[in-house]
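Counting from 1 along the sequence shown, just add 6 to a position and that's the residue number in the working numbering.
Cβ atoms here follow ideal geometry from the backbone N, Cα and C, with glycine treated the same way.
Below is one structure, written out as structure tokens; the observations come after it.
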Amino acid sequence: LLYYADNTSETLNVNYQTDFSNVAEYRIGGTNLIYTPNTLLRNYQNILDEVLPALNSVEYKSEAIRKVLDVSKDVSLT
């Protein structure tokens, strides 16, 4: 989605081109413009290995979670 200075916008497709130095590169559909998101391509497995066990131990459908989130008992936790 492109926003212009005159407050108009336009939606264009992006097509994956290549990875360049850990940065994904896309070509904006129908143009010669290149889009490079401000995100580096990285392997986050080490973070997942550390965080996931702790998250898996959380009992999400519990009174403690309801209290922290201030969710009443008549609301379903899905």
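DSSP state of residue i mapped onto helix, strand, coil
i, result
"residue 96", "With the chain covering only 7 through 84, there is no way to say anything about residue 96."
"residue 21", "strand"
"residue 39", "coil"
"residue 30", "strand"
"residue 8", "strand"
"residue 65", "coil"
Whether residue i touches residue j by CB criterion (8 Å)
i, j, result
"residue 32", "residue 21", "yes"
"residue 67", "residue 83", "yes"
Residue i versus residue j - alpha carbon distance
i, j, result
"residue 7", "residue 13", "12 Å"
"residue 58", "residue 70", "20 Å"
"residue 48", "residue 30", "11 Å"
"residue 73", "residue 41", "44 Å"
"residue 19", "residue 50", "27 Å"
Any chain C beta carbon closer than 8 Å to residue i
i, result
"residue 74", "Checking the listed chains, one finds no chain C in this structure; it contains a single protein chain."
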